[in-house]
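Chains as they are written, first to last, in our numbering: chain A, 2 to 299; chain B, -9 to 441.
Structure first, commentary second.
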């Protein structure tokens, strides 16, 4: 069979999931200039919380369709708890320091959260597959795809459009862009930069957790899942350009399609395919495809 | 029978009884034997592998120390000496494990090390064990390379290497699906997945050369998402899919592939599927060919040792032991057998022949000292020992590598429970190469059984 349609569909489905995770990472970097390694742990916490909530809900014999609301609720809870705790409790004491120091701080948070997750949820993998098959399947030629995958494409579109609207069309977005452009000047004109940082980090944490929560029904939630995702999310935002929402979308699409193409046509290259693309992009455009041009400050 | 032979026979019998029942008069409480037990306590391998091996090791040692194991392992501890376990987490990769091994030997002062699930860790630790002259028992890793690429004095492995998993899978598949025309594979892209696929596809090409490979998918270890791989497998229209996936990767693959109808198109061979039968339940389709990497779990022979392991494991976890738990049992019981054989030999040789004077003192001295590491190694090499999975024989790697039979079966859902039917046993010699021949060479040469 002609494998091109399958490559494009598989790429799109994978990209939607990765975009939800990567867009939170790029948002935090864009506003706060923090490359948040702990993003992977927030993804894992979202997945564990969702698996736990849904598992208990289904075990109680409640209507399975409500489990989708629980997936989103899990992400909101994790974001609202972990985001402010990390930002207020730790990161705000580090602002103004070198970006490398902040990477190391978030790496420490990542390690702490990895152990915290094990302590809280144990080391046994969690399985809550029911929501994955609940929406039925869609037949496309010889291939069958669960509708859940296409629902995630919808969620990714909504997330991307809402973020783009808020950043570009609202007053809050103007404030955000002012902080991105010049933190000190923004503070001087009366913008509460600390609050902007808190809200940005919480929204970013919520998006990481949402990625984890929505992936929970499709996989086995187990220790270590965060590390795998953070590497891929970094590759996406680097390809797209750190801090760019459009870049995260394009980066996710490129990574998804390249990986799917490798799987279908050259499986032995799948492991390296993303990094080959990343290397090529960085050679051609060292700051990523959608890097925002910066005026040189004198 | 001469007087001397009768006398020696009586002596051995008496000493054997002493070992099994109690210490000789004058013997002090034997010094505890400290064993470093290395297994995954965190990371993806902890749930399905590490934790069951830890639970099994604790349960077995408690039972051995209480003297409540069935014969031939009913002597308390190791030959009367109580056993203590020091658990180390195997997570972190080979370099970390080498450091942990050195710590176990130099700082913790363990007498022996039993451990290692990852083939990478086994390959890294074995030369260090040799360098540090510490008797080390590899209990679960599968790579044939450990003894095919090096010789060791201090390293033993009490589970058969992975070649038999692939060879027996090919034999079973061809027996149950004689009309097979093609097959595909999905295996993790690291040593275990690559070896398993290479051995399986080589065995298939020898046994049925006309059967074609449609696609070989090698996702990254821990990938978790297999959307594109499942599409590629669906598009390949393969009769059969071979997989050595394990842990969360296997669970994620099954959860994603089932709703997409992959298993309606293709039969499935899960080389190490046994630990997941209960966890995945109906997500495992009827007719899946499963192995347990030996005669473990559902394939274990009925007998007092199997009943004992199930009972002591079940008392701790309320679930049945899976194959890594059986591997842990083989590691501990293999070392115990060698230790006690060495001790028996030492006691036997400590009695001055033909003299009565000093017999008691010499016996007590020998009993308290225990056998030396060199004496245990001599007893371990080429030995046979009984385990809950049946009899194990140290037949490869110059007597340092176990061989045993293996088994495969087919899943069938009965009253919502996954059962295994059509079980077929494979004798050790038919699925493993003879000593001195590399596995892949043996497969490619036609898997001839040594006469």
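Don't be surprised by glycine CBs; every beta carbon is placed ideally from N, CA and C.
Once you ignore the five residues that flank residue i on each side, which residues in its own chain have a CB closer than 6 Å to its CB?
i	result
residue 45(B)	306 and 307
residue 119(B)	126, 144 and 145
residue 274(B)	401 and 408
residue 40(B)	29, 30 and 31
Give every residue of the same chain whose Cβ lies closer than 8 Å to the Cβ of residue i, excluding the five residues on either side of it in the sequence, and list them in chain order.
i	result
residue 270(A)	263 and 277
residue 179(B)	208, 209, 210 and 211
residue 186(A)	179
residue 81(A)	203 and 207
Rounded to whole angstroms, what is the Cα-Cα separation between residue i and residue j?
i	j	result
residue 93(A)	residue 46(A)	22 Å
residue 442(B)	residue 64(A)	Outside the shown range of chain B (-9 to 441) lies residue 442(B), about which nothing can therefore be said.
residue 214(B)	residue 33(B)	14 Å
residue 219(B)	residue 163(A)	32 Å
residue 292(A)	residue 397(B)	58 Å
residue 75(A)	residue 203(A)	14 Å
residue 5(A)	residue 203(B)	21 Å
residue 161(A)	residue 72(A)	19 Å
residue 302(B)	residue 314(B)	15 Å
residue 180(A)	residue 32(A)	7 Å
residue 120(A)	residue 113(A)	10 Å
residue 12(B)	residue 90(B)	Unreliable positioning characterises residue 12(B) in this predicted model, as indicated by a pLDDT of 46, which lies under 50. The coordinate reading is nonetheless provided below. Taking the straight line joining both Cα atoms gives about 36 Å.
residue 165(B)	residue 97(B)	53 Å
residue 140(A)	residue 17(A)	19 Å
residue 62(A)	residue 53(A)	15 Å
residue 80(B)	residue 87(B)	7 Å
residue 155(A)	residue 165(A)	15 Å
residue 236(B)	residue 91(A)	38 Å
residue 11(A)	residue 222(B)	10 Å
residue 42(A)	residue 105(B)	29 Å
residue 140(B)	residue 328(B)	22 Å
residue 62(B)	residue 130(B)	23 Å
Taking 9 Å as the threshold (C-beta atoms), are residue j and residue i in contact?
i	j	result
residue 108(B)	residue 152(B)	no
residue 23(A)	residue 234(A)	yes
residue 389(B)	residue 379(B)	no
residue 399(B)	residue 280(B)	yes
residue 261(B)	residue 170(B)	no
residue 325(B)	residue 127(B)	yes
residue 129(A)	residue 51(A)	yes
residue 288(B)	residue 163(B)	no
residue 84(B)	residue 111(B)	yes
residue 423(B)	residue 431(B)	yes
residue 238(A)	residue 44(A)	no
residue 266(B)	residue 242(B)	no
residue 333(B)	residue 360(B)	yes
residue 143(A)	residue 225(B)	yes
Between which two residues does the beta strand (DSSP E) holding residue i run?
i	result
residue 26(B)	23 to 29
residue 447(B)	A query on residue 447(B) cannot be resolved here, the shown segment of chain B reaching from -9 to 441 and no further.
residue 288(A)	No beta strand (DSSP E) contains residue 288(A), which DSSP labels as neither H nor E.
residue 376(B)	374 to 377
residue 144(A)	144 to 147
residue 391(B)	391 to 393
Mind checking which residues open and close the alpha helix (DSSP H) that includes residue i?
i	result
residue 1(A)	Because chain A is modelled from 2 through 299, residue 1(A) falls outside the range shown and cannot be assessed.
residue 132(B)	Residue 132(B) -> no alpha helix (DSSP H), and no H or E assigned at all.
residue 96(B)	84 to 96
residue 434(B)	429 to 434
residue 421(B)	418 to 421
residue 88(A)	68 to 90
residue 223(A)	It is not in any alpha helix (DSSP H) - residue 223(A) carries neither H nor E in the DSSP assignment.
residue 112(A)	100 to 122
residue 164(B)	153 to 166
residue 53(B)	41 to 56
residue 267(B)	267 to 270
Can you name, in chain order, every residue of its own chain whose Cβ lies under 7 Å from the Cβ of residue i, other than the five neighbours on each side?
i	result
residue 15(A)	257, 260 and 261
residue 78(A)	50
residue 231(A)	38, 40 and 41
- Within 9 Å of chain A by C-beta, residues of the stretch 190 to 210 of chain B in sequence order: 205, 206, 207, 208, 209 and 210
- Contacting positions in the stretch 54 to 78 of chain B - beta carbon closer than 8 Å to chain A: None of the residues of the stretch 54 to 78 of chain B has a beta carbon lying less than 8 Å from any beta carbon of chain A.
- Message: Using a Cβ-Cβ cutoff of 8 Å, what residues of the stretch 138 to 153 of chain A are near chain B? List them in chain order.
- Response: 138, 143, 144, 145, 146, 147 and 150
- Identify each residue in the stretch 206 to 224 of chain A for which the Cβ-Cβ distance to at least one residue of chain B is less than 7 Å, and report them in chain order. 219, 220, 221, 223 and 224
- Give the residues from the stretch 31 to 46 of chain B that approach chain A closer than 7 Å (Cβ to any Cβ), ordered along the chain. 32, 33, 34, 36, 37 and 41
- Pull out every residue of the stretch 295 to 314 of chain B whose Cβ sits closer than 9 Å to any Cβ of chain A, in chain order. none
- Message: Any C-beta of chain A within less than 9 Å: which residues of the stretch 220 to 242 of chain B qualify?
- Response: 220, 221, 222, 224, 225, 227, 237, 238, 239, 240, 241 and 242
- Message: Residues of the stretch 7 to 35 of chain A in Cβ contact with chain B at a cutoff of 8 Å, in chain order, please.
- Response: 7, 8, 10, 11, 12, 14, 15 and 18
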